[in-house]
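Numbering (full-length UniProt numbering), first residue to last: 1 to 139.
Every residue, glycine too, gets a C-beta built ideally from N, C-alpha and C.
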Amino acid sequence: MKLYSFFNSSASYRVRIALALKGIDYETVGVNIRIGQQNALSYRRMNPIGLVPTLVTDDGESLGQSLAIIDWLDRHFPQTPLLPQVDPARSQALEIVYAIACDIHPVNNLRVLRYLTDELKIGEEDKKRWYAPLGATRA
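Written out as structure tokens, the structure reads:
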């Protein structure tokens, strides 16, 4: 198994943590999103969206999106489940998972930061004001 990942990507961290908790051996392939390696045609063939992480299974299947990868790992390596199997514990765990993936992660993302600074030319103070009502941790 190969994990295409950026060392500082929170989505990549999620998958690396899941792999470690499950004790799964894998090879890491670095993808430097700061210099745009995720836009290379060879990477886009594996992950058309061009995001990290991407997991390539031993069968050659390419999976993107950290939560989809973690779900796949949980189904294919069920010995150490990452999510509780019954409610209310499962629903409570998923509530946290989705809060991170849907509410926190998007506004703390390098693409968003670059759009604010590079495209909209927002200065540091305006960037902090933009982040403030979102409850974001980065500014």
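According to the neighbour-count rule (16 or more other Cβ atoms, all chains shown, within 10 Å of its Cβ), is residue i buried or exposed?
{"i": "N39", "result": "exposed"}
{"i": "I49", "result": "exposed"}
{"i": "P53", "result": "buried"}
{"i": "F7", "result": "exposed"}
{"i": "N32", "result": "exposed"}
{"i": "A132", "result": "exposed"}
So for residue i, helix, strand or coil by DSSP?
{"i": "S10", "result": "helix"}
{"i": "A139", "result": "Residue placement at A139 is poorly supported in this model, since its pLDDT is 45, which falls under 50; the coordinates still yield a value, given next. Three-state result, A139: coil."}
{"i": "V29", "result": "strand"}
{"i": "L83", "result": "coil"}
{"i": "K121", "result": "coil"}
Rounded to whole angstroms, what's the CA-CA distance from residue i to residue j? Just pull it up for me.
{"i": "R90", "j": "I122", "result": "41 angstroms"}
{"i": "S12", "j": "Q37", "result": "15 angstroms"}
{"i": "L83", "j": "L21", "result": "12 angstroms"}
{"i": "S5", "j": "E125", "result": "31 angstroms"}
{"i": "R16", "j": "V86", "result": "25 angstroms"}
{"i": "I70", "j": "G30", "result": "19 angstroms"}
{"i": "L3", "j": "R45", "result": "15 angstroms"}
Open item on the list: Closer than 8 angstroms is the cut-off here; do at least three beta carbon pairs connect the segment 94-108 with the segment 35-49?
Closed with: Between the segment 94-108 and the segment 35-49, the count of C-beta pairs closer than 8 angstroms stays below three; the two stretches do not touch.
Task: Segments of 4+ residues assigned as alpha helix (DSSP H) that fall wholly inside the segment 48-74 - done: Correct list: empty.
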